[in-house]
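Engineer: Pasting in a structure now, in structure tokens, and then I'll have a few things to ask.
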Amino acid sequence: MKYFMGPINLTASDRAIKTLVRKGSATDDQLFEAQFGQWPANGLQKDTDCPDIVHFKGFWGDRKLNPLSFIFRTAYTRKEDEHDRTIYLNGLQLTPLAPVLGIAASRLAWARLHDVAGLTGMVEAPMLIAEIAAASVLSSYRYAIASSIARLVTPSLSDLVGEEHIHIKQFKEDNRAIAAAAFQNSAYDWLNNQGTMKRVWTEAKQGIDAVLTMMPRSYFSSDYELQARLHNVITRGYRKWGRIPQTKDELYIALKDVGIKSPGIVGRYYVDEKFDALKDVFGGHSGEGYLNPPNAEMNIGLNSFRSPDVLEMYWRDCLPVLYGDLLVKYGDSRGKEKMGLSNEVDLLGLPLHAGPDEPHDTGPGAPSPV
Amino acid sequence: MGTVELKRGDIAWLKLPQTLAPLEVAREQPFKIRPFLIMNESLPLQTDPNGVCTQARKIIGIDCTSKDYLVTGRPHLSFSMPGKDRSGTTTYTMVDGLREVSSYEQRLKVVYHLAAEQMKAMAESLSAALQPEQKFFLSGLFNRRAAFMPGEIWRINTINAKGEALILLRRGAFVASENVEDSRNLDRTRQAIRKSPYIVAFFPKATGVKTLRGMTWNDMQIMAVQENCFVERTASLMPATSANLMNAVRKVVGLPPFEYKEPVFKNFLGMSALRLSMPFGMR
Chain F
7 MKYFMGPINL TASDRAIKTL VRKGSATDDQ LFEAQFGQWP ANGLQKDTDC PDIVHFKGFW
67 GDRKLNPLSF IFRTAYTRKE DEHDRTIYLN GLQLTPLAPV LGIAASRLAW ARLHDVAGLT
127 GMVEAPMLIA EIAAASVLSS YRYAIASSIA RLVTPSLSDL VGEEHIHIKQ FKEDNRAIAA
187 AAFQNSAYDW LNNQGTMKRV WTEAKQGIDA VLTMMPRSYF SSDYELQARL HNVITRGYRK
247 WGRIPQTKDE LYIALKDVGI KSPGIVGRYY VDEKFDALKD VFGGHSGEGY LNPPNAEMNI
307 GLNSFRSPDV LEMYWRDCLP VLYGDLLVKY GDSRGKEKMG LSNEVDLLGL PLHAGPDEPH
367 DTGPGAPSPV
Chain R
18 MGTVELKRGD IAWLKLPQTL APLEVAREQP FKIRPFLIMN ESLPLQTDPN GVCTQARKII
78 GIDCTSKDYL VTGRPHLSFS MPGKDRSGTT TYTMVDGLRE VSSYEQRLKV VYHLAAEQMK
138 AMAESLSAAL QPEQKFFLSG LFNRRAAFMP GEIWRINTIN AKGEALILLR RGAFVASENV
198 EDSRNLDRTR QAIRKSPYIV AFFPKATGVK TLRGMTWNDM QIMAVQENCF VERTASLMPA
258 TSANLMNAVR KVVGLPPFEY KEPVFKNFLG MSALRLSMPF GMR
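Here the protein sequences line up with chains F and R, keeping their order. Residue 60 in our numbering is what sits at position 54 of the first sequence, and the numbering runs on without skipping anything. Residue 217 in our numbering is what sits at position 200 of the second sequence, and the numbering runs on without skipping anything.
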């Protein structure tokens, strides 16, 4: 990886990550430092070191992989091998063509089929209608296209490596607090057991979303992928906030601030003046849900269910669990406690809530887990 | 006051609820003392001077049956142990069902311990049985009226359990031996029932269960039931969720977790909405 070029290095974190990639290996803490700019990050009560080594390798082709993976995969980790702490980066990124080819290889390429149609003169009336429908709130296309353009204009090596780094920590650590798709399956369980009319309506909306967005959206709603993107959202947000969220309220306000799709009850709850001080710290950056790829991809995942109830369920239950576990991965052993979680786990292997629910946990029509 | 430590492979006579017996039999005698193979790894329990347990802990294990109508001719693992009245030895067979019972007020006296080879055979059989069932990939399009499928939640009604229960294993899926040839012969000669009962996770307190998030072992009880106890289907869970629960059960009985593989065609076309709800009275 000595001659690694990488995409255009616009940010300090990209340059820092590139230095580590050129070295060929780095510790967990070094990678976090490169992404956050300082380590431990402000606000993080780190009490555990993360000295494990992560290696970087390029891949040009692998018989074990699907041949198309070389075209469509920017990076991967081998979750099946618990001893392999290596991030494999697409060899195309070793060349000066990385900014263009790397983007072509991104999964979001599917989302650009709409634009190809437009550019090749297919803008006839039906296509125009389809484009308008796709860009409307009927689908997640607006998130996909915005993040896709953002990746094209400002490709980020930091995001790429950060995401795979979190995957390594998810797959390789003994304590797998986050199951691959426990929350996702739980959400589908809940949706499948609604009344017939509600189920048909939700599935119709999901169908429209799937057709208009033209990409596998549910991929982004799995627990592993959401957590990896949540990490990148936090690292990007940290540069603006100056510290990382340490409580549930801080997390919710911060995520809402950077444009993560939130249920109405969250907005209503945080109107209160008592949260003004928090909003001064974690506020003023709305709209980034479209402009930052990790934020947009989180939104695609959260939007893929097309259900306000499931969105609320995710905010109430899933995001604090993912973030609490992320804090533990950063080296704060009390991360889960800070998110109001106990060390006990439920039948799905996910941590239980420690105390009574908070006010925003019991909104009207809130789906009950049991 | 004393302490008894139950270990995996121990067999003790325990008072078990009659969830498998016909209704008229269960009404007469809701509980019956039967030999029970303990599957908890280690379970220290306090007892009074008479050896009766004073603690309420969950014991998970397997019923052992001698001449019961349920087990005759079924694939089995045989072993002999002293009878309840110690009048002689009896040959027992497994398996009637995986179940959990409360240790409270049970007389805890270990009368037999399975040999290492027997335990190994038992673990292999259990491991083969405790797997999620592969479903037909188009099943999402059809209304499965005639079956009680793993992953479905049913309202059940037995003498000892009234409420909702998640089906873990279907009738016939739970066998204690891969070699079924002998039992087939027995079937032909004795015309006996060969299939096992359903294994369900009963939720004593919860109603309207739609997801397992937030539920713990204390919220459920593994038990074996016959199909005549199923009253009404109330919900169904994703195969992956059932697989998660199955892995939790495997962990408790000392089996390694299996890796759940998503079916190639997951929820074909996403049209689960086409499945009609089950009309009243149709099974």
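Glycine is no exception: its CB is placed at the ideal position from the N, C-alpha and C atoms.
1. Cα separation between residue 227 (chain F) and residue 30 (chain F)?
2. Can you check which of these residues, R:262, R:166, R:235, R:177, is closest to residue 215 (chain R) by C-alpha distance?
3. Taking beta-carbon pairs under 9 Å, can you tell me which members of the segment 340-358 of chain F lie near chain R?
4. Just verifying my parser: in three-state terms, what is the DSSP assignment at residue 239 (chain F)?
5. Check the DSSP bridge columns for residue 30 (chain R) and list the partner residues they point to.
6. Shortest alpha-carbon distance to residue 44 (chain F) belongs to which of F:27, F:203, F:168, F:244?
7. Excluding five sequence neighbours on each side, which residues of the same chain lie with their C-beta closer than 6 Å to the C-beta of residue 257 (chain F)?
8. Mark residue 233 (chain R) as exposed unless 16 or more other C-beta atoms lie within 10 angstroms of its C-beta, in which case mark it buried.
9. Can you find a CB in chain R that lies within less than 9 Å of the CB of residue 152 (chain F)?
10. Does the segment 121-134 of chain R touch the segment 240-249 of chain R, meaning 3 or more C-beta pairs lie closer than 8 Å?
11. Checking the sheet assignment: what are the DSSP bridge partners for residue 63 (chain F)?
12. Pick from F:338, F:95, F:87: whose alpha carbon is nearest that of residue 55 (chain F)?
13. Report the three-state DSSP secondary structure of residue 323 (chain F) (helix, strand or coil).
14. Just checking my contact of residue 228 (chain R) with residue 321 (chain F) at CB under 8 Å: how many whole Å lie between their CB atoms?
15. Where residue 316 (chain F) and residue 254 (chain R) are concerned, what is the direct C-alpha to C-alpha distance, given to the nearest angstrom?
16. Step through the CB atoms of chain R and report whether any lies within less than 9 Å of the CB of residue 194 (chain F).
17. For residue 90 (chain F), go through chain B and note every residue whose CB falls closer than 8 Å to its CB, in chain order.
18. Quick check on the DSSP output: the beta strand (DSSP E) that includes residue 252 (chain R) runs from which residue to which?
19. Verify the CB distance criterion: does residue 96 (chain F) have a CB-CB separation below 9 Å to chain R?
20. Run through DSSP, which three-state label would residue 249 (chain F) get?
21. Are the beta-carbon atoms of residue 34 (chain F) and residue 175 (chain F) separated by less than 9 Å?
22. Could you check whether the Cβ of residue 360 (chain F) sits closer than 9 Å to any Cβ belonging to chain R?
23. Which of helix, strand or coil does DSSP assign to residue 21 (chain R)?
24. In this structure, does DSSP put residue 237 (chain R) in helix, strand or coil?
25. Using the DSSP secondary-structure output, state which residues sit across from residue 155 (chain F) in a beta bridge.
26. So who's on the other strand from residue 289 (chain F), going by DSSP bridges?
27. Name the residues in the segment 45-62 of chain R whose C-beta lies less than 8 Å from a C-beta of chain F; which are they?
28. Against chain R, does residue 368 (chain F) count as a neighbour if the rule is that its beta carbon must be under 9 Å from one of theirs?
29. Measure from the C-beta of residue 255 (chain R) to each C-beta in chain F and report whether the shortest distance is under 9 Å.
30. Can you find the residues in the same chain that come closer than 7 Å, C-beta to C-beta, to residue 59 (chain R), ignoring five residues on each side of it along the sequence?
Structural biologist: Result, derived from the coordinates:
1. Residue numbering aside, residue 227 (chain F) sits at position 221 when the first sequence is read from its first letter. Residue numbering aside, residue 30 (chain F) sits at position 24 when the first sequence is read from its first letter. When the Cα atoms are used, residue 227 (chain F) and residue 30 (chain F) turn out to be separated by approximately 31 Å.
2. As a working note, residue 215 (chain R) is residue 198 in the second sequence. Looking at the Cα atoms, R:166 is the closest of the given residues.
3. Under the 9 Å Cβ criterion, the segment 340-358 of chain F contributes 350, 351, 352, 353, 354, 355, 356, 358.
4. Looking up residue 239 (chain F) in the first sequence gives position 233. Note: residue 239 (chain F) maps to helix in three-state DSSP.
5. Residue 30 (chain R) sits at position 13 when you count from the first residue of the second sequence. In the DSSP assignment, residue 30 (chain R) forms a beta bridge with R:52.
6. Residue 44 (chain F) sits at position 38 when you count from the first residue of the first sequence. Comparing alpha carbon positions, the residue from F:27, F:203, F:168, F:244 closest to residue 44 (chain F) is F:244.
7. The residue labelled residue 257 (chain F) in the question sits at position 251 within the first sequence. Excluding sequence neighbours, residue 257 (chain F) sits near 251, 329.
8. Along the second sequence, one-based indexing puts residue 233 (chain R) at 216. Residue 233 (chain R) should be labelled exposed.
9. Counting from 1 along the first sequence, the entry for residue 152 (chain F) is found at position 146. Taking Cβ atoms only, chain R never reaches closer than 9 Å to residue 152 (chain F), which makes this a no.
10. The segment 240-249 of chain R is not in contact with the segment 121-134 of chain R.
11. Your numbering for residue 63 (chain F) matches position 57 in the first sequence. Residue 63 (chain F) pairs with F:94.
12. The residue you call residue 55 (chain F) lines up with position 49 of the first sequence. Looking only at F:338, F:95, F:87, the smallest Cα-Cα distance to residue 55 (chain F) is reached by F:338.
13. The count along the first sequence starts at 1 and reaches residue 323 (chain F) at position 317. In the structure shown, residue 323 (chain F) sits in a helix (DSSP, three-state: H, G or I).
14. One-based indexing of the second sequence puts residue 228 (chain R) at position 211. One-based indexing of the first sequence puts residue 321 (chain F) at position 315. A Cβ-Cβ distance of about 16 Å is found for the pair residue 228 (chain R) and residue 321 (chain F), leaving them out of contact under the 8 Å criterion.
15. In the first sequence, counting from the first residue as 1, residue 316 (chain F) sits at position 310. In the second sequence, counting from the first residue as 1, residue 254 (chain R) sits at position 237. Answer to the nearest angstrom: the Cα atoms are 16 Å apart.
16. In the first sequence, counting from the first residue as 1, residue 194 (chain F) sits at position 188. By this cut-off, residue 194 (chain F) is an interface position.
17. No chain B appears in the structure shown, which is made up of the protein chains F and R.
18. Translated into positions along the second sequence, residue 252 (chain R) becomes position 235. First-last of the beta strand (DSSP E) with residue 252 (chain R): 247-253.
19. In the first sequence, counting from the first residue as 1, residue 96 (chain F) sits at position 90. Answer no: the Cβ-Cβ gap between residue 96 (chain F) and chain R never drops below 9 Å.
20. Translated into the one-based positions of the first sequence, residue 249 (chain F) becomes position 243. It is coil, neither helix nor strand.
21. In the first sequence, the residue the question calls residue 34 (chain F) occupies position 28. In the first sequence, the residue the question calls residue 175 (chain F) occupies position 169. Note that the C-beta distance between residue 34 (chain F) and residue 175 (chain F) is below 9 Å.
22. Reading the first sequence from its first residue, position 354 is the one you call residue 360 (chain F). Interface flag for residue 360 (chain F) against chain R is unset, since no Cβ pair is found closer than 9 Å.
23. For this step, residue 21 (chain R) is matched to residue 4 along the second sequence. Here residue 21 (chain R) sits in strand by DSSP.
24. Looking up residue 237 (chain R) in the second sequence gives position 220. In the structure shown, residue 237 (chain R) sits in coil (DSSP, three-state: anything other than H, G, I, E or B).
25. As a working mapping, residue 155 (chain F) is identified with position 149 in the first sequence. Answer is none; residue 155 (chain F) lacks a bridge partner.
26. Residue 289 (chain F) sits at position 283 when you count from the first residue of the first sequence. BP columns for residue 289 (chain F) are empty, so no partner.
27. Shown here is that no member of the segment 45-62 of chain R has a Cβ falling below 8 Å from a Cβ of chain F.
28. Residue 368 (chain F) sits at position 362 when you count from the first residue of the first sequence. For residue 368 (chain F), the predicted structure reports a pLDDT of 35, less than 50, and the residue's modelled location is therefore unreliable. The matter cannot be settled from this model.
29. Indexing the second sequence from 1 puts residue 255 (chain R) at position 238. With 9 Å as the cut-off, residue 255 (chain R) counts as an interface residue toward chain F.
30. By 1-based counting over the second sequence, the position of residue 59 (chain R) is 42. Counting only Cβ-Cβ distances below 7 Å, and skipping sequence neighbours, we find 22, 24.
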